[in-house]
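First up is the structure itself, then whatever we jot down about it.
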Amino acid sequence: MSFIIIVLYFFECKTFQLLQFGLLVVSGSRMTAAFLSFLLAGPVLLAAGSHDSNNGTTPVVLWHGMGEHPSLYRATHYVQRVREFCDSCCNPLSMGAIKKMIEEEISGVYVLSLMIGKNVIEDTENGFFSDVNEQVSMVCSQLAQDPKLKDGYNGMGFSQGAQFLRAVAQRCPSPPMKALISIGGQHQGVYGLPRCPGESSHICDMIRKALNSGAYTDLVQKHLVQAQYWHDPLNDNLYKKHSLFLADINQERGVNETYKKNLQLLEKFVMVKFLQDTVVDPVDTEWFGFLKTGQAKETETLQESVLYKEDRLGLAAMDKAKKLVFLASEGDHLQFTRDWFNKNLLPYLR
Ligand SMILES: *[C@@H]1O[C@H](CO)[C@@H](O)[C@H](O)[C@H]1NC(C)=O
């Protein structure tokens, strides 16, 4: 094994209003490289899409979760390792490949890919996208302005992109999202680090504490994307009170009837969980479950949660209406084959 360096850096911007808080965990391990890109999957949106006619098909909007940030990687000595990791993990799933695959399967379909940008530092400097709530509203206006989407679209979110797209569904009903497909999304947030299940590792615990102690400060909430879905079951009050993004969309501070109404406009909400996921902890979050409040070992399913029992978000109603679909895939985070995709997800896009 190798050493781990935790670098907490504060990136000061021209205006002094913006401090970028980042946590770089650098180690020789491949999975830590995964964590690096997971943690820093950042705040910039780039749009790419073709402009054919809709052809009677339903457009697809993709929101990716793990971006590549070459400038940042170059700053480390691990550029090659990270690249190798990304090649093995992300290439088959790069939004370009997914877009192409969907276009091949559904001829004439319009696929819009909202991608996490390439240069996290530069784009954080202008300070605009580092707040997930702002990213969501940017995406909302981008979707509203796209004439090809006016009759509706299917949303497909990967990893953190999944919960961000859910926020789009809840906040921005126009244009209408028909199906939301969440692939390895973290709907109840995360409380853990890759390859660090539960409380098992001292090192992971230490890193967790670092994020933990700062995650709910306003500064970190506004500028570290992952802090915005950090869910600490041991500090439930802090989470509910200070989580600017996740606690809001999950109705932790109150019930926003608009969210509830809008989410129920979905025809389907499909959640894919990866059975051997080593990146997301707890993996139950991919099916909207989480750790029971007050401890960090036992988990509960969505159906066991207060959110569901009180139906604060309309999920129980959606379940009853058979709108919720829970799919499991063998493999690690975001690993699936084209056959699996065609068999399990493609039907929801047609
Ligand atoms: C509820 O959500 C809508 C849509 O995002 C928003 O406009 C409204 O301000 C929210 N209401 C409250 C009380 O937060």
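Per my numbering: the sequence shown = residues 2 to 351. Every residue, glycine too, gets a C-beta built ideally from N, C-alpha and C.
For this session: Return yes when the C-beta of Arg167 is under 7 Å from any heavy atom of ligand 1, and no when it is not.
Result: no
For this session: Return the Cβ separation of Lys277 and Gly315 in integer angstroms, given the expectation that the two are a contact with Cβ distance under 8 Å.
Result: One point to set straight first is that residue 277 is Gln, not Lys, in the sequence displayed. Not quite, the Cβ-Cβ distance comes to about 31 Å (not below 8 Å), so this is no contact.
Exercise. Under 7 Å from any heavy atom of ligand 1, does the C-beta of Arg172 make it?
Worked result: yes
For this session: Report all residues from its chain with a CB closer than 6 Å to the CB of Trp64; omit the five preceding and five following residues, and keep chain order.
Result: Leu115, Gly158, Gly162, Phe165 and Leu166
For this session: Would you kindly work out how many angstroms separate the C-alpha atoms of Gly97 and Phe289, rounded to a whole number?
Result: 28 Å
For this session: Can you give me the start and stop residues for the beta strand (DSSP E) that Lys269 sits inside?
Result: Lys269 to Phe275
Problem set entry | Distance between Glu311 and Ala180 (C-alpha atoms, nearest Å) | 24 Å
Problem set entry | Same chain only: Cβ atoms within 7 Å of Lys344, ignoring 5 sequence neighbours per side | none
Problem set entry | Spatial distance of Lys151 from Glu106 (CA atoms) | 22 Å
Exercise. Distance, Cα to Cα, Gln227 vs His334?
Worked result: 16 Å
Exercise. So does Asn257 have its beta carbon nearer than 7 Å to some heavy atom of ligand 1?
Worked result: yes
For this session: Assign Gly295 to one of three DSSP states: helix, strand, or coil.
Result: coil
Exercise. Any idea if Ser214 is buried or exposed, counting beta-carbon neighbours within 10 angstroms, 16 or more meaning buried?
Worked result: exposed
Exercise. Around the Cβ of Pro283, are there at least 16 other Cβ atoms within 10 angstroms (buried) or fewer (exposed)?
Worked result: buried
Exercise. Run through DSSP, which three-state label would Ser160 get?
Worked result: coil
For this session: Taking all protein chains shown into account, decide if Asp340 is buried (16 or more other Cβ within 10 angstroms of its Cβ) or exposed.
Result: exposed
Exercise. Within this structure, are the beta carbons of Tyr349 and Lys269 separated by less than 8 Å?
Worked result: yes
Problem set entry | Rounded C-alpha distance that separates Phe327 from Asp147 | 30 Å
Exercise. Among Ile103, Met178 and Leu113, which one has its Cα closest to the Cα of Val271?
Worked result: Met178
Exercise. Is the CB-CB distance between Pro234 and Leu292 below 8 Å?
Worked result: yes
Exercise. Between which two residues does the beta strand (DSSP E) carrying Ala180 extend?
Worked result: Met178 to Ile184
For this session: Report the partner residues of Ala329 according to the DSSP bridge assignment.
Result: Lys274
For this session: Check whether the Cβ atoms of Tyr230 and Leu245 lie closer than 8 Å to each other.
Result: no
For this session: Would you mind working out which of Asn155, Val191, Thr286 and Ser183 sits nearest Pro176, comparing C-alpha positions?
Result: Asn155
For this session: May I have the straight-line CA-CA distance separating Lys149 from Asp237, to the nearest angstrom?
Result: 42 Å
Problem set entry | Tyr74, buried or exposed, once every other Cβ within 10 Å from all chains shown has been counted against 16 | Model confidence at Tyr74 stands at a pLDDT of 32, short of 50, so the residue's coordinates are unreliable and nothing is read from them.
For this session: Give the DSSP-derived three-state secondary structure of Glu253 in the structure shown.
Result: coil
Exercise. Would Ala322 be called buried (16 or more neighbouring beta carbons within 10 Å of its own) or exposed?
Worked result: exposed
Problem set entry | Buried or exposed by the 16-neighbour rule on C-beta atoms within 10 Å, applied to Phe337 | buried
Exercise. Using CA coordinates, which residue listed in Arg172, Glu287 and Arg254 is at the minimum distance from Gly190?
Worked result: Glu287
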